[in-house]
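K.L.:
Sequences listed follow chains A and B, in order.
This note's numbering puts the first residue of the first sequence at 295, with every later residue one more than the last.
This note's numbering puts the first residue of the second sequence at 295, with every later residue one more than the last.
Protein chains: 2
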Amino acid sequence: MNILLQYVVKSFDRSTKVIDFHYPNELLQEYNWELADQPQNLEEILMHCQTTLKYAIKTGHPRYFNQLSTGLDMVGLAADWLTSTANTNMFTYEIAPVFVLLEYVTLKKMREIIGWPGGSGDGIFSPGGAISNMYAMMIARFKMFPEVKEKGMAAVPRLIAFTSEHSHFSLKKGAAALGIGTDSVILIKCDERGKMIPSDLERRILEAKQKGFVPFLVSATAGTTVYGAFDPLLAVADICKKYKIWMHVDAAWGGGLLMSRKHKWKLSGVERANSVTWNPHKMMGVPLQCSALLVREEGLMQNCNQMHASYLFQQDKHYDLSYDTGDKALQCGRHVDVFKLWLMWRAKGTTGFEAHVDKCLELAEYLYNIIKNREGYEMVFDGKPQHTNVCFWYIPPSLRTLEDNEERMSRLSKVAPVIKARMMEYGTTMVSYQPLGDKVNFFRMVISNPAATHQDIDFLIEEIERLGQDL
Amino acid sequence: MNILLQYVVKSFDRSTKVIDFHYPNELLQEYNWELADQPQNLEEILMHCQTTLKYAIKTGHPRYFNQLSTGLDMVGLAADWLTSTANTNMFTYEIAPVFVLLEYVTLKKMREIIGWPGGSGDGIFSPGGAISNMYAMMIARFKMFPEVKEKGMAAVPRLIAFTSEHSHFSLKKGAAALGIGTDSVILIKCDERGKMIPSDLERRILEAKQKGFVPFLVSATAGTTVYGAFDPLLAVADICKKYKIWMHVDAAWGGGLLMSRKHKWKLSGVERANSVTWNPHKMMGVPLQCSALLVREEGLMQNCNQMHASYLFQQDKHYDLSYDTGDKALQCGRHVDVFKLWLMWRAKGTTGFEAHVDKCLELAEYLYNIIKNREGYEMVFDGKPQHTNVCFWYIPPSLRTLEDNEERMSRLSKVAPVIKARMMEYGTTMVSYQPLGDKVNFFRMVISNPAATHQDIDFLIEEIERLGQDL
Numbered sequence: 295m296n297i298l299l300q301y302v303v304k305s306f307d308r309s310t311k312v313i314d315f316h317y318p319n320e321l322l323q324e325y326n327w328e329l330a331d332q333p334q335n336l337e338e339i340l341m342h343c344q345t346t347l348k349y350a351i352k353t354g355h356p357r358y359f360n361q362l363s364t365g366l367d368m369v370g371l372a373a374d375w376l377t378s379t380a381n382t383n384m385f386t387y388e389i390a391p392v393f394v395l396l397e398y399v400t401l402k403k404m405r406e407i408i409g410w411p412g413g414s415g416d417g418i419f420s421p422g423g424a425i426s427n428m429y430a431m432m433i434a435r436f437k438m439f440p441e442v443k444e445k446g447m448a449a450v451p452r453l454i455a456f457t458s459e460h461s462h463f464s465l466k467k468g469a470a471a472l473g474i475g476t477d478s479v480i481l482i483k484c485d486e487r488g489k490m491i492p493s494d495l496e497r498r499i500l501e502a503k504q505k506g507f508v509p510f511l512v513s514a515t516a517g518t519t520v521y522g523a524f525d526p527l528l529a530v531a532d533i534c535k536k537y538k539i540w541m542h543v544d545a546a547w548g549g550g551l552l553m554s555r556k557h558k559w560k561l562s563g564v565e566r567a568n569s570v571t572w573n574p575h576k577m578m579g580v581p582l583q584c585s586a587l588l589v590r591e592e593g594l595m596q597n598c599n600q601m602h603a604s605y606l607f608q609q610d611k612h613y614d615l616s617y618d619t620g621d622k623a624l625q626c627g628r629h630v631d632v633f634k635l636w637l638m639w640r641a642k643g644t645t646g647f648e649a650h651v652d653k654c655l656e657l658a659e660y661l662y663n664i665i666k667n668r669e670g671y672e673m674v675f676d677g678k679p680q681h682t683n684v685c686f687w688y689i690p691p692s693l694r695t696l697e698d699n700e701e702r703m704s705r706l707s708k709v710a711p712v713i714k715a716r717m718m719e720y721g722t723t724m725v726s727y728q729p730l731g732d733k734v735n736f737f738r739m740v741i742s743n744p745a746a747t748h749q750d751i752d753f754l755i756e757e758i759e760r761l762g763q764d765l
Numbered sequence: 295m296n297i298l299l300q301y302v303v304k305s306f307d308r309s310t311k312v313i314d315f316h317y318p319n320e321l322l323q324e325y326n327w328e329l330a331d332q333p334q335n336l337e338e339i340l341m342h343c344q345t346t347l348k349y350a351i352k353t354g355h356p357r358y359f360n361q362l363s364t365g366l367d368m369v370g371l372a373a374d375w376l377t378s379t380a381n382t383n384m385f386t387y388e389i390a391p392v393f394v395l396l397e398y399v400t401l402k403k404m405r406e407i408i409g410w411p412g413g414s415g416d417g418i419f420s421p422g423g424a425i426s427n428m429y430a431m432m433i434a435r436f437k438m439f440p441e442v443k444e445k446g447m448a449a450v451p452r453l454i455a456f457t458s459e460h461s462h463f464s465l466k467k468g469a470a471a472l473g474i475g476t477d478s479v480i481l482i483k484c485d486e487r488g489k490m491i492p493s494d495l496e497r498r499i500l501e502a503k504q505k506g507f508v509p510f511l512v513s514a515t516a517g518t519t520v521y522g523a524f525d526p527l528l529a530v531a532d533i534c535k536k537y538k539i540w541m542h543v544d545a546a547w548g549g550g551l552l553m554s555r556k557h558k559w560k561l562s563g564v565e566r567a568n569s570v571t572w573n574p575h576k577m578m579g580v581p582l583q584c585s586a587l588l589v590r591e592e593g594l595m596q597n598c599n600q601m602h603a604s605y606l607f608q609q610d611k612h613y614d615l616s617y618d619t620g621d622k623a624l625q626c627g628r629h630v631d632v633f634k635l636w637l638m639w640r641a642k643g644t645t646g647f648e649a650h651v652d653k654c655l656e657l658a659e660y661l662y663n664i665i666k667n668r669e670g671y672e673m674v675f676d677g678k679p680q681h682t683n684v685c686f687w688y689i690p691p692s693l694r695t696l697e698d699n700e701e702r703m704s705r706l707s708k709v710a711p712v713i714k715a716r717m718m719e720y721g722t723t724m725v726s727y728q729p730l731g732d733k734v735n736f737f738r739m740v741i742s743n744p745a746a747t748h749q750d751i752d753f754l755i756e757e758i759e760r761l762g763q764d765l
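(1) Strictly below 8 angstroms CB to CB, what residues from chain A border Leu587 (chain B)?
(2) Of all the options B:Asp544, B:Phe385, B:Glu459 and B:Met717, which has the alpha carbon lying nearest to the alpha carbon of Lys311 (chain B)?
(3) DSSP three-state label for Pro509 (chain A), please.
(4) Taking C-alpha atoms, which residue in A:Ile480, A:Gly409 and A:Ala372 lies nearest to Gln344 (chain B)?
(5) Which residues in the same chain have their Cβ closer than 6 angstroms to the Cβ of Lys622 (chain B), if we skip the five residues on either side of it in sequence?
(6) So the alpha helix (DSSP H) Lys634 (chain A) belongs to, where does it begin and stop?
(7) Let me check one thing: in DSSP terms, what residues is Ala449 (chain A) bridge-paired to?
(8) Give me the Cβ distance between Val543 (chain B) and Leu527 (chain B), rounded to the nearest whole Å; I'm assuming they're in contact under 8 angstroms.
(9) Examine the ligand GTP and report whether any of its heavy atoms sits within less than 8 angstroms of the Cβ of Leu340 (chain B).
(10) In chain A, which residues lie less than 7 angstroms from Tyr617 (chain B) when you measure between Cβ atoms?
(11) For chain A, check one thing: does any of its Cβ atoms lie closer than 9 angstroms to the Cβ of Val570 (chain B)?
(12) Check the C-beta distance from Leu606 (chain A) over to Gly620 (chain A) and give it rounded, since I have them as a contact under 8 angstroms.
(13) For Val709 (chain A), count neighbouring Cβ atoms within 10 angstroms of its own Cβ and tell me buried if that reaches 16, exposed if not.
(14) Once DSSP output is grouped into helix, strand and coil, what is the label at Met368 (chain A)?
(15) Would a check of beta-carbon distances place Tyr720 (chain B) closer than 9 angstroms to chain A?
(16) Does the CB of Tyr605 (chain A) have a neighbour CB from chain B at under 9 angstroms?
(17) Give the DSSP-derived three-state secondary structure of Ser458 (chain A) in the structure shown.
(18) Quick one: residues in its chain with C-beta nearer than 7 angstroms to the C-beta of His633 (chain A), no 5 flanking neighbours on either side, listed in chain order?
(19) So Val399 (chain A) and Leu329 (chain B) are supposed to be a Cβ contact under 8 angstroms. How far apart are they, rounded?
(20) Let's see if you can read the secondary structure: which residues bound the alpha helix (DSSP H) around Tyr720 (chain A)?
(21) Interface residues of chain A around Ile339 (chain B) at Cβ under 7 angstroms?
(22) List, from N- to C-terminal side, the beta strand (DSSP E) runs of 3 residues or more that fit wholly inside the stretch 539 to 622 of chain A.
(23) Taking only the alpha-carbon atoms, compute the straight-line gap between Arg738 (chain A) and Arg357 (chain A) and give it to the nearest angstrom.
(24) Please tell me whether Met438 (chain B) has its Cβ less than 9 angstroms away from any Cβ of chain A.
(25) Determine the extent of the beta strand (DSSP E) in which Arg738 (chain B) is found, giving its start and end residues.
(26) Does the distance from the CB of Ile351 (chain B) to the CB of Pro391 (chain A) come in under 9 angstroms?
(27) Using 10 angstroms around the beta-carbon of Asp732 (chain B), count the other beta-carbons present and answer buried if the total reaches 16, otherwise exposed.
(28) When burial is assigned at 16 or more other CB atoms within 10 Å of the CB, is Asp367 (chain B) buried or exposed?
(29) Can you check DSSP and say which residues form a bridge with Cys343 (chain A)?
(30) Hey, Ser461 (chain A) and Phe507 (chain A): beta-carbon distance below 9 angstroms or not?
(31) By the 10 Å Cβ neighbour count, where 16 or more other Cβ atoms means buried, how is Pro679 (chain A) classified, buried or exposed?
(32) Using a Cβ-Cβ distance under 9 angstroms, would Ala351 (chain B) count as near chain A?
(33) Measuring CB to CB, does Gly488 (chain B) end up less than 9 angstroms from Ala514 (chain B)?
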């Protein structure tokens with residue numbers, strides 16, 4: 295307990311490093327991690343815990359901006375400890391009565407917030423957004439061609455899914471897994487802000503139909519991974535309605551904005567979706583993992599996935615079997631992911647999540663306002679950030695006078711990786727970078743930890759300049 | 295902390311109830327579980343924790359025999375708390391350096407134990423055995439027809455998977471998800487002990503080939519869910535070799551026996567498998583979830599699943615990228631499941647797991663020896679249990695003199711559900727039951743918690759008789 299609490303205190307302390315970086319081979323050699331025949335004593339075990347945490351990334355540190363999931367909520371942490379202590383499985387009410395009910399209550403509340411009448415529908419907490427998106431694809435396919443469950447893809451025409459070129463790679467992973475194939479995922483063009491262009495979507499749908507293929511799913515993104523863009527959901531919904539295609543909204547990252555009266559308009563139209571992925575472990579700061587798939591039509595998930603395992607879902611139990619939700623899952627055993635969200639919700643209230651979201655978005659705007667006209671910065675796209683993603687290049691002094699040609703691009707592409715490597719060596723902060731399309735490596739700043747402050751944003755800017763000015 | 299530790303202490307105390315059972319509607323009404331706009335204070339939050347645990351099943355209680363995953367290991371629990379505190383994600387070395395290395399070390403050790411030369415190969419911790427089995431199916435398909443990734447199932451011939459009629463339902467779930475279809479999973483006959491009959495396997499493979507189908511996977515089970523049977527892996531391996539079919543071993547439940555010098559012979563031939571599912575959260579008592587998929591050929595998983603997301607797996611990072619293992623996963627974010635296994639292994643040593651396994655199997659044999667000739671019991675199959683599964687009917691006095699006809703079967707089928715319901719009402723113990731094939735509801739006793747003793751087994755028998763004698 296002391297070891298863990300000390301780590302938490304350190305994580306919150308800006309004077310500690312975010313990371314004590316070691317190269318993989320160094321780290322492998324620096325300590326004996328091997329597994330042996332003989333037991334070790336308590337002192338040794340405690341030392342392993344200390345060593346593990348010494349080299350861990352402090353994801354709760356207010357200057358850790360590296361991923362969409364950051365921060366460490368103490369109620370969420372306590373809830374996760376309780377979950378571990380209860381050590382049970384979500385498949386039946388029999389062995390997880392409270393957690394099954396809390397899942398029911400929480401998913402219903404999330405569906406209400408999405409805007410489905412009376413919170414009706416279905417859903418599940420799954421092991422991450424990629425699996426939630428895969429569920430959506432499976433269910434959409436099953437809705438259109440229920441025979442696929444028994445007969446496989448051989449029995450159905452060629453199915454085509456549509457998603458934007460900025461969407462998450464899990465759509466393609468899902469298509470590969472489900473036997474649909476990545477070639478059957480059509481990437482729709484985005485505008486300069488990273489939003490799907492509805493006219494291109496319609497054009498590609500018609501093109502697919504002309505080839506005799508069957509469009510079965512459009513996955514719009516509410517909060518893209520890199521730009522934080524929101525696809526125009528109302529326009530997408532109209533197209534899906536027109537062509538009778540399942541509309542999925544991947545709001546893994548952007549779903550949190552539904553908690554904010556100020557920002558939820560960005561997801562207008564989500565209420566028309568057939569399914570929604572929403573990861574509270576991202577923008578809402580719930581400990582990993584906590585991802586929900588929500589489905590408007592009740593019963594579909596069950597029909598799509600059920601196998602009636604009689605050793606688990608006995609039909610002659612003495613309680614209402616509708617609470618044995620395991621057979622609608624792709625998993626058999628399923629980790630309890632709901633309790634941390636539920637307890638945080640109780641502790642913060644919807645208004646607390648709203649304040650959390652509003653604060654993070656305000657911080658992103660603060661960053662944007664600082665750098666948009668600052669010397670040495672170039673924005674990747676114009677305009678205020680819609681989510682907390684702020685995408686920019688830092689241009690070191692030596693590149694500022696260069697013409698905008700290939701050589702400059704080539705040199706610029708090397709700037710972010712070097713600054714990032716130096717950040718990790720110093721351990722002062724962490725922020726992500728990547729190329730995208732024809733744009734060379736740029737920083738993607740994201741903020742989901744409400745412990746961050748204006749000073750932390752200022753620090754990030756100073757640190758980028760300190761570490762990058764000689765490049 | 296006090297709330298959690300009190301719960302742990304209670305869980306270990308035989309005088310407390312395993313469960314304080316309430317019907318779903320009662321439980322929904324007994325407490326206000328709803329989510330509201332306004333925050334609640336610390337006192338209320340602590341009360342929710344207490345209430346949640348009050349109604350939870352004490353899965354660590356020595357008289358909880360309901361599932362394959364039971365018990366509560368204190369080192370495992372501490373490790374899970376540390377994992378929650380570190381709150382990170384397995385996809386890159388960048389944000390999970392130690393955990394990525396520990397996964398590497400642990401999977402290698404598991405492969406050594408399986409018997410692959412030098413522990414070579416690949417693997418991943420996945421969210422449960424069903425997903426591990428699905429991975430195996432995906433990888434087997436990809437190995438034979440790599441074009442399936444891009445082109446989908448439309449581009450490949452009809453694929454057939456084979457598994458025994460006693461195998462886990464996740465094989466069919468996986469086939470449904472992957473677009474193979476459940477009709478393409480052929481269930482091979484088992485002998486009276488629940489072991490796959492190799493001659494039937496070969497017959498069905500030939501039959502499929504004659505129809506022009508392509509056998510691509512045999513999933514043998516090492517430790518079936520209900521009987522605890524071990525398929526004859528050597529014979530299955532010979533057949534797979536002969537017909538060039540991927541051999542998967544679902545050792546989710548039986549894998550733990552590999553830790554025991556006394557019992558590992560039951561998995562002889564596992565070293566010839568192409569892939570193995572092994573869930574340390576079952577027989578090895580690691581907290582939920584901890585399931586590994588191990589693959590003999592390195593690189594296949596990566597090729598099968600990678601999508602090269604440039605925002606995560608930047609190719610210009612400053613460290614050895616082979617440690618960024620996220621792209622071989624179906625998931626994007628992946629929970630850290632390895633640390634609890636690794637720390638328990640350090641604390642117990644391989645010999646500690648061996649003692650754990652040996653003790654549980656000894657307890658099962660003790661139970662078998664008590665009931666095999668006891669009045670009022672009938673074994674579902676003859677012979678000593680191979681795993682800890684002991685399957686039996688309790689015959690209440692009123693049924694003992696009845697002829698073995700349909701009426702008796704019908705009455706017998708109602709016995710286990712009533713006894714189970716009474717167990718839950720009293721909260722004294724929990725054990726599972728199910729029908730299987732033509733066998734009506736019988737008890738399936740399993741033991742994976744080394745805290746159980748002979749007295750607990752005696753108690754179970756007495757309790758069954760106390761609760762069932764009037765039926």
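We put the beta carbon where it would ideally sit given N, CA and C, even for glycine.
P.N.:
This is what the structure gives:
(1) Under the 8 angstroms cutoff, chain A gives no residues; its nearest Cβ is about 13 angstroms from Leu587 (chain B).
(2) B:Met717
(3) strand
(4) A:Ala372
(5) Met595, Gln596 and Asn599
(6) Val632 to Ile665
(7) Answer is none; Ala449 (chain A) lacks a bridge partner.
(8) 6 angstroms
(9) Among the ligands in the structure shown, none appear at all, so the ligand GTP cannot be discussed.
(10) Pro318
(11) no
(12) 6 angstroms
(13) buried
(14) helix
(15) no
(16) yes
(17) strand
(18) Looking at the sequence shown, residue 633 (chain A) is not His but Phe. Excluding sequence neighbours, Phe633 (chain A) sits near Ala373, Leu376, Thr377, Phe393 and Leu396.
(19) 7 angstroms
(20) Val709 to Tyr720
(21) Val369, Leu637, Arg640 and Ala641
(22) 540 to 544, 569 to 572 and 585 to 589
(23) 14 angstroms
(24) no
(25) Lys733 to Met739
(26) yes
(27) exposed
(28) buried
(29) None; Cys343 (chain A) has no bridge partner.
(30) no
(31) buried
(32) According to the sequence as given, residue 351 (chain B) is Ile; it is not Ala. Yes, Ile351 (chain B) counts as interfacial toward chain A.
(33) no
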